[in-house]
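One structure below.
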Amino acid sequence: MASLPKREEIICLFDVDGTLTMPRNKIIPTTEEFLLTKVKQVATIGLVGGSDFKKIAEQMGGADVINKFEYVFAENGLVAYKNGHMIGKMSIQEHVGEEKLQKFINYALGYMSKLTLPVKRGTFIEFRDGLVNVCPVGRSCSQAERDQFAEYDKEHRIRENFVKELQAQFPDLGLVFSIGGQISFDVFPKGWDKTFALSFVEKDSFKEIHFFGDKTAPGGNDHEIYEDSRTIGHKVTSPEDTIAQLKTLLHL
Numbered sequence: 001m002a003s004l005p006k007r008e009e010i011i012c013l014f015d016v017d018g019t020l021t022m023p024r025n026k027i028i029p030t031t032e033e034f035l036l037t038k039v040k041q042v043a044t045i046g047l048v049g050g051s052d053f054k055k056i057a058e059q060m061g062g063a064d065v066i067n068k069f070e071y072v073f074a075e076n077g078l079v080a081y082k083n084g085h086m087i088g089k090m091s092i093q094e095h096v097g098e099e100k101l102q103k104f105i106n107y108a109l110g111y112m113s114k115l116t117l118p119v120k121r122g123t124f125i126e127f128r129d130g131l132v133n134v135c136p137v138g139r140s141c142s143q144a145e146r147d148q149f150a151e152y153d154k155e156h157r158i159r160e161n162f163v164k165e166l167q168a169q170f171p172d173l174g175l176v177f178s179i180g181g182q183i184s185f186d187v188f189p190k191g192w193d194k195t196f197a198l199s200f201v202e203k204d205s206f207k208e209i210h211f212f213g214d215k216t217a218p219g220g221n222d223h224e225i226y227e228d229s230r231t232i233g234h235k236v237t238s239p240e241d242t243i244a245q246l247k248t249l250l251h252l
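Using the UniProt record's numbering, read the sequence shown as starting at 1 and increasing by one per residue.
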């Protein structure tokens, strides 16, 4: 059996939703314990989430997540922490410009106003540092309404068709659209997908960069980093599957 690289030579990066937690739920204690007491002993560990830091902290048991994991990348790495300190922050507002962003947001709101869904709640556009999150059902929906929309979306392809419409309307803004989670999709400048996080990781000369994610198909928000030549990609189906694959990979 080939020996594993030393701890400082191997890093395991994890998506959050669907990989370490069930969608928008908190990490369960046994998963967290396995990562911090078993995986962290043999590999450097980091998170690469599409959500903002506040939501990642909620799901991962609090803001001290930046001290538990060596790297925490919120908003695809556009807000980046290493060993408890912020090491990078990008602004979509500065990059794209307010005028162009407003045209885009106005069009998206107009499109959503014409949709008929099982329910509609509030917060259809969420503005983050590095991206805009578009949510047809509204981010203030309950978990039951979230699940209901996810099923409806599977059948009617609400998000997929919405993305196609926005791509057709705004071909020159240099924006990328990424469907993740159950209810929304992210919009950000080209190159600001999860591979953005690798620019920080690369500096530490790891021999192996492993990435674990569930939305790895084209259009999913794990696809680019999963396919990237710098990473060894692992497609997972649940937190339990993530743990099982880690046990095999790291001989735990």
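Just so you know, even glycine gets a beta-carbon here, dropped at the ideal spot from N, CA and C.
Run of the alpha helix (DSSP H) containing residue i, from where it starts to where it stops
i           : result
residue 96  : 92–96
residue 234 : It is not in any alpha helix (DSSP H) - residue 234 instead sits in the beta strand (DSSP E) that spans 232–235.
residue 163 : 158–169
residue 31  : 29–34
Close Cβ partners of residue i (< 6 Å) along its chain, the five nearest in sequence each way excluded
i           : result
residue 213 : 15, 19, 222 and 226
residue 183 : 135, 137, 146 and 149
residue 10  : 43 and 208
residue 95  : 189
residue 73  : 48, 80 and 197
Pairwise C-alpha distance: residue j and residue i
i           : j           : result
residue 144 : residue 117 : 14 Å
residue 67  : residue 12  : 16 Å
residue 111 : residue 36  : 44 Å
residue 83  : residue 155 : 43 Å
residue 179 : residue 204 : 30 Å
residue 30  : residue 38  : 11 Å
residue 193 : residue 8   : 25 Å
residue 220 : residue 6   : 32 Å
Nearest candidate by alpha-carbon position, reference residue i, set the options
i           : options               : result
residue 99  : 173, 182, 6 and 28    : 173
residue 215 : 5, 27, 49 and 45      : 49
residue 181 : 207, 198, 238 and 204 : 238
residue 228 : 210, 241 and 127      : 210
residue 55  : 94, 46, 17 and 190    : 17
residue 89  : 64, 79, 65 and 119    : 79
residue 153 : 126, 119 and 168      : 119
Delimiting residues of the beta strand (DSSP E) encompassing residue i
i           : result
residue 209 : 208–213
residue 44  : 44–48
residue 244 : Counting along the chain, residue 244 falls outside any beta strand (DSSP E), though it belongs to the alpha helix (DSSP H) covering 239–250.
Beta-carbon proximity of residue i to residue j, cut-off 9 Å
i           : j           : result
residue 131 : residue 187 : yes
residue 77  : residue 162 : no
residue 185 : residue 133 : yes
Own chain, CB closer than 8 Å to residue i, minus 5 neighbours either side, in chain order
i           : result
residue 231 : 13, 198, 209, 210, 211 and 225
Neighbourhood of residue i by C-beta, 7 Å cutoff - its chain only, sequence neighbours within 5 removed
i          : result
residue 27 : 20, 21, 59, 60 and 61
residue 1  : Any reading at residue 1 must be qualified, since the residue scores a pLDDT of 45, below 50, and its modelled position is unreliable; the value itself is stated next. Excluding positions up to five away in sequence, the list is empty.
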